[in-house]
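Protein chains in written order, with the working numbering: chain A, 1 to 111; chain B, 112 to 232.
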């Protein structure tokens, strides 16, 4: 099974400042079709998860452009350029290249 | 707009069965594969099962294999999860999740609100 490891597990951030979350997979996420199926999800308190980024760097419909994704192979990053109060929650990376597995989650909170 | 509405959760004793349903609307259900993903209280996300758009393929997490069955009725736009031999560790919110067809067909996009299953004596 592909194991997804996120760092940090908790990230206190000042409003208006940037934030960054890393995700590492135990093996390459490049699929035989050439795509890399790495997504980022946001789960606000009391809400279901919501897709933010798919295939490493593509923002999903309605996602603000302060969210961006990057990376390749086994190392990936989610960046928030300027954190807003509504960004509080838990962020998960998810791979769909070989079955489906999630990172442990990173809790984003305001300092 | 895409809507996924789960139902069927509740409190059940260990060893008993429960069937979850997910009513889909706002898209052509028969064109999309679907997942069940669960989240134990205060914990992270765990993939449970997936079914292809035409039910030709089904896959399960090792933790539920042989006990859970995913199915669908495309005429009713409904996804199901039959859960047998339930264990205390199956306690979780169960989410119905759509496969992201537009992005290559392996990732996910829309999630339902979830239904809580509590397994307790």
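Idealized CB from N, CA, C, for every residue including glycine.
Task: Buried or exposed by the 16-neighbour rule on C-beta atoms within 10 Å, applied to residue 117/B - done: By 1-based counting over the second chain, the position of residue 117/B is 6. Label assigned to residue 117/B: buried.
Task: residue 203/B at chain A interface by Cβ criterion, 8 angstroms - done: Start at 1 with the first residue of the second chain, and residue 203/B comes out as number 92. With 8 angstroms as the cut-off, residue 203/B does not count as an interface residue toward chain A.
TODO: Flag this pair as touching only if the region 195-202 of chain B and the region 16-24 of chain A have three or more C-beta atom pairs under 8 angstroms; answer yes or no.
DONE: no
Open item on the list: Mapping the DSSP letters down to three states, classify residue 99/A as helix, strand or coil.
Closed with: What you label residue 99/A is simply residue 99 of the first chain in a count that begins at 1. Reduced to three states, the DSSP call for residue 99/A is coil.
TODO: Output, in chain order, the set of chain A residues within a Cβ distance shorter than 9 angstroms of residue 192/B.
DONE: For the purposes of this step, residue 192/B is taken as the residue at position 81 of the second chain. Those do not exist, as residue 192/B stays about 15 angstroms from chain A at its closest Cβ, beyond 9 angstroms.
Task: Backbone secondary structure at residue 141/B - three-state DSSP - done: Here the question's residue 141/B lines up with position 30 in the second chain. Of the three classes helix, strand and coil, the one that applies to residue 141/B here is helix, per DSSP.
Open item on the list: Quick check: the Cα distance between residue 72/A and residue 231/B, rounded to an integer number of angstroms?
Closed with: Working through the first chain from its first residue, we reach residue 72/A at position 72. Working through the second chain from its first residue, we reach residue 231/B at position 120. Near 43 angstroms, if we compare the C-alpha coordinates of residue 231/B and residue 72/A.
TODO: Go ahead and label residue 181/B buried or exposed: buried means 16 or more other beta carbons lie within 10 angstroms of its beta carbon, across all protein chains shown.
DONE: As a working mapping, residue 181/B is identified with position 70 in the second chain. With 16 or more Cβ atoms within 10 Å of its Cβ, residue 181/B is classed as buried.
Task: Buried or exposed (CB count within 10 angstroms, at least 16 for buried), residue 183/B - done: On the second chain, position 72 is the one that residue 183/B refers to. So residue 183/B counts as buried.
Task: Test: residue 134/B CB closer than 8 angstroms to a CB of chain A - done: Translated into the one-based positions of the second chain, residue 134/B becomes position 23. No, residue 134/B does not count as interfacial toward chain A.
Open item on the list: Checking the sheet assignment: what are the DSSP bridge partners for residue 163/B?
Closed with: By one-based count along the second chain, residue 163/B stands at place 52. Paired residue(s): none; residue 163/B is not in a bridge.
Task: Of the residues 95/A, 30/A, 49/A, the one placed nearest residue 5/A, counting alpha carbons only - done: Taking the first chain and counting its residues from 1, the one referred to as residue 5/A is at position 5. Residue 5/A has its Cα closest to that of 95/A, out of 95/A, 30/A, 49/A.
- [ ] Measure the alpha-carbon distance for residue 219/B versus residue 98/A and round it to whole angstroms.
- [x] What you label residue 219/B is simply residue 108 of the second chain in a count that begins at 1. What you label residue 98/A is simply residue 98 of the first chain in a count that begins at 1. Computed Cα separation, rounded: 13 angstroms.
TODO: Work out the CA separation of residue 185/B and residue 141/B for me, nearest whole Å.
DONE: As a working mapping, residue 141/B is identified with position 30 in the second chain. As a working mapping, residue 185/B is identified with position 74 in the second chain. If I take the Cα positions, the gap works out to 5 angstroms.
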